[in-house]
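So the protein sequences, as listed, match chains C and E.
Numbering (our numbering) for the first sequence: 1 to 156.
Numbering (our numbering) for the second sequence: 1001 to 1156.
Built from N, CA and C at the ideal position, the CB exists for glycine as well.
Since this is a predicted model, take the numbers as computed values, not measurements.
2 protein chains.
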Amino acid sequence: MNSIQSIIDHADQSCKEHGEKLTSKRKQVLSGLLKSGRAMSAYELVDYCKKEFSENLPAMSVYRILDFLQQEQLVHKLNLANKFVACSHIRCGHVHAVSQFLICSSCQKVKEISITQEVLEELQKNVTDAGYHLQSPQFEMNCLCDACFSASSSCN
Amino acid sequence: MNSIQSIIDHADQSCKEHGEKLTSKRKQVLSGLLKSGRAMSAYELVDYCKKEFSENLPAMSVYRILDFLQQEQLVHKLNLANKFVACSHIRCGHVHAVSQFLICSSCQKVKEISITQEVLEELQKNVTDAGYHLQSPQFEMNCLCDACFSASSSCN
DNA sequence: ATGCCAATGCTATATTGTATCATCACTGTT
DNA sequence: AACAGTGATGATACAATATAGCATTGGCAT
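So, in structure tokens, the structure goes:
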């Protein structure tokens, strides 16, 4: 059983525990994100499903499926890029901490890391002091991955 | 001289120091953001300029003007909302630290606060450890402002 | 079989953003 | 004042992202 299948099985299980279903189309979308390991737009996922599964999903359905996957915390939306990415923690018990996303501006590769408790508390304190109430903490940073960084600096 | 005019004068001065010009249309756009104190979309700014100055700015121009204002660090783009907001530090010498934006999901009011050195270093360390290179640190958090928070919690 | 309800399909449309080329307006020079 | 050069703006078309609203399907419990 390959690694992506195993992740999808975990996701399936996790949905069942919430009384939800990971339908075959939802699995197709999720697998697209998992296979690419990158951030993808909804329309890229439409194309992926067409090529890979000969499945003509309308964009509307993909958006709905992405909404569902986000609810289930299997997918995150990256607002920096208006793209979507599979959660990195589907397998590891899937306790969902606050995430810090490092997005390569060049190749769209995404790394999801967890923020430390101290940093989170500090940030949260800033929010409270400013008279605001945190809703959904998630941090996104425009970066370059090592590969793209090397590539770009060697060409300058 | 009202406060917004004084901010615009600062901005004007700051542009001159960079050998750039804050033209009247650029001032109109900036003043829209300053007056509202909220995050506004490019198209909202088109409408604003039409109503306030009978100026029929094409959207394309507003985007160009916003690009310019971002270069001059007079305006920030909020990717969480795909909207734009005036920088809070135009007057105070305008040294530009890393900003943490608190965006009210309900009324779009924005508060821009500076991140502490410790938090920044910690976040930056995470990035380096993950093998990435930070490009443009800017943090945005979906929040509710006190007013909207009270309003929503009292209605539930 | 039937009826329910979640999931999906379909169509239209809104919103955000960019490409391209034309025109305007200010500046300095003659 | 005429002129050219350059940055700013206009105009048009279009791409990309996202949502609204209503129709249809399909699995499941009774």
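- Under the criterion of beta carbons closer than 8 Å, residue 1035 (chain E) and residue 1008 (chain E) do not qualify as touching, at roughly 11 Å.
- Along the segment 1083-1116 of chain E, the beta strand (DSSP E) occurs as fully enclosed runs of 3 or more residues at 1083-1086, 1099-1104, 1110-1114, listed in sequence order.
- Linking residue 1021 (chain E) to residue 133 (chain C) through their CA atoms gives a straight-line distance of about 39 Å.
- Residues of chain C whose Cβ lies closer than 7 Å to the Cβ of residue 1092 (chain E) do not exist, since the nearest Cβ in that chain is about 17 Å away.
- When the beta-carbon positions are compared, residue 1084 (chain E) and residue 1141 (chain E) stay at least 8 Å from each other.
- Sequence-distant partners of residue 1068 (chain E) (beyond 5 residues in either direction) whose C-beta falls short of 7 Å from its own C-beta, in its chain, are 1026.
- The residues 72, 74, 90, 94, in chain order, have a CB closer than 8 Å to that of residue 14 (chain C) in the same chain once the five nearest residues on each side in sequence are set aside.
- Setting aside the 5 residues that flank it on each side, residue 1006 (chain E) is surrounded in the same chain by 1091, each with a C-beta closer than 8 Å to its C-beta; the list follows chain order.
- The Cβ atoms of residue 114 (chain C) and residue 98 (chain C) sit closer than 8 Å to each other.
- Our two residues, residue 16 (chain C) and residue 24 (chain C), have alpha carbons roughly 14 Å apart in a direct line.
- Cβ neighbours of residue 1057 (chain E) within its own chain (closer than 6 Å, five residues either side excluded): 1046, 1049.
- Counting along the chain, residue 1135 (chain E) sits inside the beta strand (DSSP E) bounded by residues 1132-1136.
- With fewer than 16 other CB atoms across the displayed protein chains lying within 10 angstroms of its CB, residue 3 (chain C) is exposed.
- Per DSSP, the unbroken beta strand (DSSP E) holding residue 140 (chain C) starts and ends at 139-145.
- Residue C:137 holds the alpha-carbon nearest to the alpha-carbon of residue 1103 (chain E) among C:137, C:43, C:60, C:53.
- In this structure, the alpha-carbon of residue 10 (chain C) lies about 26 Å from that of residue 82 (chain C).
- For residue 105 (chain C), a Cβ of chain E is located within less than 8 Å of the residue's own Cβ.
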